[in-house]
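Heads up, the sequence shown is in the UniProt record's numbering, so the first residue is 1 and it goes up one at a time.
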Amino acid sequence: MALEITDATFDEVVLKSDKPVVVDFWAAWCGPCRMVGPIIDEVSTEYDGKAVVGKVDVDANQEFAAKYGVRNIPTVLVFKDGEIVSRQVGVSPKKVYTDAIDAAL
């Protein structure tokens, strides 16, 4: 399962990570987000130990969604060394997310 990331933990979990980090910005009411969620959970399992995979509920945690210009959800960002290296807005096939992680490894 993907890690739950909050505004309080974002800096430590995402920006200071020595591994690539996938962050799924989502909300419970968002239909497309519910389609991406299981894909992100699969990716989390497959990349365990190689990358950090987490989710940010934008309704409860708006600070970093705003900071990174997340206006539509789902938005999946991949960070490496605290910088965004990939941005995917909307629902995408699993391979899009795994390719982005592989490029950051």
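Every residue gets a Cβ at the ideal spot worked out from N, C-alpha and C, and that includes glycine.
Computed from a predicted model, the values in this text were never measured in an experiment.
Between V70 and V78, the CB-CB gap reaches or exceeds 8 Å. In this structure Y47 does not touch V56 by the C-beta definition: roughly 18 Å separates them, more than the 8 Å allowed. A residue is called buried when at least 16 other Cβ atoms come within 10 angstroms of its Cβ; A100 meets this threshold and is buried.
As DSSP reads the structure, G37 sits in no beta bridge. Relative to the Cα of K94, the nearest Cα in the group I40, N61, P20, W26 belongs to I40. Contact annotation: the stretch 16-26 touches the stretch 57-76, with at least three C-beta pairs closer than 8 Å. By the C-beta density criterion, T75 is buried, having at least 16 other C-beta atoms within 10 angstroms.
The beta carbons of A65 and K80 sit no closer together than 8 Å.
If you compare the alpha carbons of Y97, Y68, V13, I73 with that of G90, the shortest gap goes to I73. For W26, the pairing in a beta bridge is given by DSSP as D57.
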